[in-house]
Amino acid sequence: MRCAVCGADNSELALRCAACGAYVRDRVPALNLFATLWAVIESPREAFLRVARSEQKNYVVGIFGATGPLFLAGAAAAAGAGDTDLHFGLLFLGVFLAGPPLGMLLWTAATYVLRLLLPEGALPKARFRALMPLVAYALFPAALSALVLLPVQLGIFGRYLFSANPYPWMLQPAAFWILLGLEGAFLLWSAALLVRAPGVYGIGPARAAAGVLPVLAGVAALVFFCGKLLGGVLP
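Structure below.
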């Protein structure tokens, strides 16, 4: 950004001109959740730039938590929880009550690992705090999948969503594959946003992908491993 007072060039994240101290952009005291989420859909770069510029990184923990039911449902499916003696009501409550704390812990840890894997670029000294809001808003499609698609899947398949006898795709193949395809598209969308988000700090897509992809692979492996452990203790 060029300063209107002295003409000096400044970073897109700068609030004041480094040369003369004049304001070069408006302050962003806090984020408007719905406006920011809409911007993630309409113009991701502008959305992530606004997130990076904001003084209060609000809603981060809430978005992390909103993804949790989706990953806990994945662990329950890996555990074959639908083939146990657990009542479906307990499975449903477990996914949506235990899921949010799991999402918060999972993505906080994943962000810390990502902080170690990404090159410094133009990241500030507080790299972890700088990355957390970017990761959270990039996970918006995954959170949307957990809050919209997962309840539909549970409504259609019930406990058989977590069953291997029979598998859910044997009951209603069209519904299963359509919903799974949509879920996969939302997760890929989040992955693409995670690769793009660090660009506001000067980290290109190739270098960001080198950090993001191992983290996502680790999250998927952790969910599967936890599911197998869970399967060993369920009645």
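Residue 54 in the numbering used here is what sits at position 18 of the sequence shown, and the numbering runs on without skipping anything. For each residue, glycine too, the CB sits at the ideal point set by N, CA and C.
In this structure, L154 lies away from I99, with their beta-carbon atoms at least 8 Å apart.
With 16 or more neighbouring CB atoms inside 10 Å of its own CB, R86 falls in the buried class. The C-alpha of R243 lies about 45 Å from the C-alpha of L122.
Under the criterion of beta carbons closer than 8 Å, A172 and V255 do not qualify as touching, at roughly 14 Å. Contact between the region 193-201 and the region 102-120 is established, with three or more Cβ pairs separated by less than 8 Å. Contact annotation: R52 and A58 have beta-carbon atoms nearer than 8 Å. Contact between L190 and E219 is absent: CB atoms are separated by about 12 Å, not below the 8 Å threshold. Around the beta carbon of S181, a 10 Å sphere encloses 16 or more other beta carbons of the protein chains shown; the residue is thus reported as buried. W225 and V60 have their C-alpha atoms spaced approximately 33 Å apart. When C-alpha distances from A55 are compared across R63, S79, I77 and A40, the shortest belongs to A40. DSSP lists D45 as the bridge partner or partners of R38. L69 and Y95 have their C-alpha atoms some 7 Å from each other. Setting aside the 5 residues that flank it on each side, A221 has no residue in the same chain whose C-beta is closer than 7 Å to its C-beta. Annotation for R89: L49 and V64 place their beta carbon closer than 7 Å to its own, counting only its chain and skipping 5 residues before and after.
The Cβ atoms of F84 and V236 sit closer than 8 Å to each other.
Taken through DSSP and simplified to helix, strand or coil, Y148 comes out as helix. Each residue's CA atom was taken as its position, placing V76 and L67 some 13 Å apart.
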